[in-house]
Structures are given as C-alpha cells and as structure tokens.
Amino acid sequence: MSDVKESAGGPAKETESPLPYYVDAAIWEKDIARRNRWSRSLAWCVATVASVIAVAAVGALILALPLKTYEPYMVVVDKSTGFVEVKRPLADGPLQQDESMGMFDIVRYVKARETYDPKALKDNFDLAQLLSTGDASRELVELFSPANKVTNPVVLYGRNTVVAVTVKSVTFPNQRTALVRFMTEEKSQANTVQRHWVSLIRFRYTGAPAKNEIRFQNPLGFQVLEYRRDQETAPAPTPESPQ
C-alpha cells in the first residue's frame, strides 16, 4: 500500500505514520509507572525505618520503667523553732554502717557533754573527755574548771537542778561534720525551763593505739575535734502543775 495519495487540485502528499506517537506514549507511561514504583518503594522504606525507631523507643521506655522510682520524703517542722528538716528516704533496709555508727557516737557525745546530773557528773565528764581531743577537749576542761565562775555548770546549777537532753535530729553536711539539734530541760525545785540548741561538731575516727579500757568504751576511736553550741530560741519556762 502506498503512503502517498493524490488530492484533488494538487500534488500528492505523504501521510505521517502514527507509530512514533504510540512509542512516545508507551515510553511516557513506563516512565510514570517506574516513578510510581520508586515513590512507593521510598515510602515503604521511610515507613519501615520510622516503625523500627518507634518500636525501639517503646522498647527502651519499657526497659527503663523499672529504673524509675519515686522516693517519698518526710518533711518535719519543729514546732518550737520552725526549723524545717527533710528526713531520709522512707526505704527498706538498714542504715549504712558509717552513718549509723557516726550517729550513735555523736548522740552519745552530746548527751554526755550537755547532760547535768550531780549524781552522774563525773561519769558524764569522763566520757565526754574520752571522746574529745584538741580544742573540744581543752574547752571542756576550761568549762568545768573551778576558776570558771561564769559558765561552769556546777556553779550555775548546783546540786538541786538536773539538765536532761533530748536529741531531735542529726544531719551530716559532710563525712566529718555533724549538725545536731537538741533540747535541754532544766528541772529545779522551782520550775522547768526548756531550751533549744544547735551544735556543729567536727569529728574523726582514729586508729591510734589505745589502752583496752579506752577501747572498751570507744572501740572505733571516735574523737570530737571541735564543738560549737548555739541557742535557737529563747528559753521557754514550763509552769508547774498545781499540787
């Protein structure tokens, strides 16, 4: 068949074949299909990576949940001084050895030094002196010296007054310093007076050789280096109950 046909009134013209248009259309369609497949593949890859990250995040969160704990704290307000103290966490288990032993020695020292009882005066002084060294020992000796007529407890209280000590709290700003809050109650024949104090104590543990009688009372070599006492509030007299 000839691709040339004659037209009326003019020479014959060659007719264009539609084949190239079909070829271009097929190529364009294949290109669009290829782009669609590439877009879908990219979308699936992105979705897969995002899913893996999400699953990993959820897994990490689940694994971290047992590690997150909430520790309750007890906040105590002293009704006499208004001092706010945060107690140690309410957790099961014993106190650490250093903390418990340090607290025991600190409380024993404060009670021995601050308690005044004419019947046990020598025993308390000897124990406080045994646990003191340096400035703390020197100041204790000066306090009870007969030449001290101003602050000597024997001169102040005599034989008819007893001073009892109640330790309210012991905190440790660092490993060798203790902050002690305590109350003294002076009981005499006339009345009873309560005073609130805070003491700053610097202490240490020494392994220096000592006699057996000393080790029996102070086995770990506890020694107070410095002792400072300040009053928190003015004395509060307690009226005697009517007879």
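If you read the sequence shown in the working numbering, its first letter stands for residue -13, the second for the next number, and so on. For every residue, glycine included, the Cβ atom is placed at its ideal position computed from N, Cα and C.
Using only the alpha-carbon positions, how far apart do Lys108 and Val140 sit?
The straight-line gap from Cα to Cα measures roughly 11 Å.
Please identify the residue among Pro205, Arg23, Trp30 whose C-alpha is closest to the C-alpha of Ala194.
Checking every option, the nearest Cα to that of Ala194 belongs to Pro205.
Please determine, among Leu28, His182, Thr192, Arg188, the residue with the shortest C-alpha to C-alpha distance to Thr219.
Thr219 has its Cα closest to that of His182, out of Leu28, His182, Thr192, Arg188.
Considering only the alpha carbon of each residue, which of Ala164, Glu172, Val44 lies closest to Met87?
Nearest C-alpha to Met87: Ala164.
Sort out for me which residues DSSP pairs Glu171 with in a bridge.
Glu171 is bridged to Ala150, Gln180.
From the DSSP output, read off the bridge partner residues of Ile187.
Partner(s): Ala164, Tyr213.
Grouping DSSP H, G and I as helix and E and B as strand, with all else coil, what is Pro6?
Three-state DSSP puts Pro6 in a helix.
DSSP has Val156 in a bridge; who is on the other side?
Partner(s): Val166.
Could you pull the start and end residues of the alpha helix (DSSP H) that Phe202 belongs to?
Note, Phe202: alpha helix (DSSP H), 198 to 203.
Taking DSSP as the reference, what is the three-state secondary structure of Ser131?
Correct three-state label for Ser131: coil.
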